[in-house]
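Working notes, structure below.
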Amino acid sequence: MAKIAEGSRYQLLLSCPSGLSLSQVSVDFSKSHDRIQHPDHDLEDSIAQAWEQRTQGNSSLFNGQKFRFGSICLDGDAGTNELPHVYLRLGLTDYRTFVGTNLSSQWEKFLVTSQDDCVRCRHTSSPLGNAAVIETSDQKIIVLRRSDNVGEFPGHYVFPGGHPEPMSVGIDSHQLEKDGDVLNKKVTREMFDSITREVVEETGIPASSLSTPLFIGISRRELNVRPAMFFFIKCNHHSDDIPGLYSSAEDGFESTQLHTVSMEELKTMTSRMPGCHHGGFALYELMLQRLKSTNETPLTST
1 MAKIAEGSRY QLLLSCPSGL SLSQVSVDFS KSHDRIQHPD HDLEDSIAQA WEQRTQGNSS
61 LFNGQKFRFG SICLDGDAGT NELPHVYLRL GLTDYRTFVG TNLSSQWEKF LVTSQDDCVR
121 CRHTSSPLGN AAVIETSDQK IIVLRRSDNV GEFPGHYVFP GGHPEPMSVG IDSHQLEKDG
181 DVLNKKVTRE MFDSITREVV EETGIPASSL STPLFIGISR RELNVRPAMF FFIKCNHHSD
241 DIPGLYSSAE DGFESTQLHT VSMEELKTMT SRMPGCHHGG FALYELMLQR LKSTNETPLT
301 ST
């Protein structure tokens with residue numbers, strides 16, 4: 001077996017092969033899930049230094065807020081009649097801290113030796129990314145090749161995606177937490193709304209041509225412990241239609257090419273994917289295996 005490149009290694013934090021709808025996901029957004037500062041003051045100071053180095057000569061970088069991945073809890077499973085439900089525990093972080101912790105050359109120093117994943121990553125920014133495995137009407141999968149001016153894995157293959165955005169639901173601090181349940185519901189909806197938004201912006205496919213996203217799990221690349229949540233989406237366009245739509249994509253500058261590939265072709269591309277996206281492919285495989293074993297029909301566009 002070929003050796004997997006370090007950047008392509010991954011860990012599946014959660015697999016939901018049946019695909020979960022919005023009603024089966026809940027978010028607990030709280031300051032208690034924020035990053036904890038590292039007790040080593042020199043290491044903490046390195047965050048500002050890393051950001052200064054990264055921003056020198058790059059006016060396009062800005063310090064936007066992101067949701068921080070804290071931990072997850074899954075209720076119910078395929079062995080019971082109970083519908084599974086996922087609870088996402090999210091805090092708040094920013095791109096500056098991400099650059100200075102997860103993306104730092106010293107990222108491993110921010111980790112704590114612990115079997116408890118929440119404890120192990122408590123000093124890292126760990127912003128929660130998102131991505132979608134999109135099937136066209138002729139069962140091809142959409143893959144992008146990242147441009148050379150992006151912050152992570154330039155030139156690599158990825159599924160369309162980005163991040164759910166706190167500002168999209170009016171969050172710029174934890175001061176709104178007094179709204180409790182209402183805010184949590186808004187953040188939960190943003191998890192689903194944001195992936196449709198990202199797909200539209202990156203591929204040019206109109207939202208009306210996309211099915212409601214199904215959440216299939218969370219993958220994390222081993223290199224700098226970067227987490228991302230993955231969704232499955234059906235597109236009612238034939239693969240031949242997609243390049244024309246991509247040519248007018250709003251965020252097309254983030255990638256240089258769009259490919260529509262078969263499952264076999266996709267397998268060969270995983271070695272050139274960041275680990276979190278390689279894990280996204282594994283989550284998609286688990287979904288297909290479940291569909292095959294239960295003779296279910298994949299979701300169609302709505």
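According to the UniProt record's numbering, the sequence shown is numbered sequentially starting from 1.
Beta carbons are placed, not taken as given, at the ideal position from N, Cα and C, and that holds for glycine.
Helix, strand or coil at residue i [DSSP, three-state]
i	result
Asp172	coil
Ser271	helix
Ser46	helix
residue 364	With the chain covering 1 to 302 only, the question about residue 364 has no answer from this structure.
Leu283	helix
Thr260	strand
Gly252	helix
Leu88	strand
Leu245	helix
Asp28	strand
Val112	coil
Gly129	strand
Glu202	helix
Buried/exposed call for residue i, threshold 16 Cβ in 10 Å
i	result
Glu190	buried
Glu250	exposed
His278	buried
Ile195	buried
Glu202	buried
Ser114	exposed
Pro127	buried
Met167	exposed
Glu135	buried
Gly217	buried
Lys140	buried
Ile36	exposed
Phe192	buried
Phe110	buried
C-beta atoms of residue i and residue j nearer than 7 angstroms
i	j	result
Gly161	Ala132	yes
Thr97	Ser125	yes
Tyr10	Ser219	yes
Gly91	Asp40	no
Ala50	Val99	yes
Pro227	Phe69	yes
Tyr157	Met269	yes
Rounded C-alpha distance that separates residue i from residue j
i	j	result
Asn236	Ser46	48 angstroms
Thr80	Gln106	Any reading at Thr80 must be qualified, since the residue scores a pLDDT of 49, below 50, and its modelled position is unreliable; the value itself is stated next. Answer to the nearest angstrom: the Cα atoms are 44 angstroms apart.
Ser239	Ser173	42 angstroms
Lys257	Arg146	First, the residue type needs correcting, since residue 257 is Gln and not Lys in the sequence shown. Taking the straight line joining both Cα atoms gives about 8 angstroms.
Identity of the residues DSSP links to residue i by a beta bridge
i	result
Tyr157	Arg145
Thr93	Lys66
Cys16	Its beta-bridge partners do not exist; DSSP assigns none.
Cys235	Leu210
residue 335	Residue 335 cannot be examined here, being either before or after the span of the chain that is shown, 1 to 302.
Ile72	Leu88
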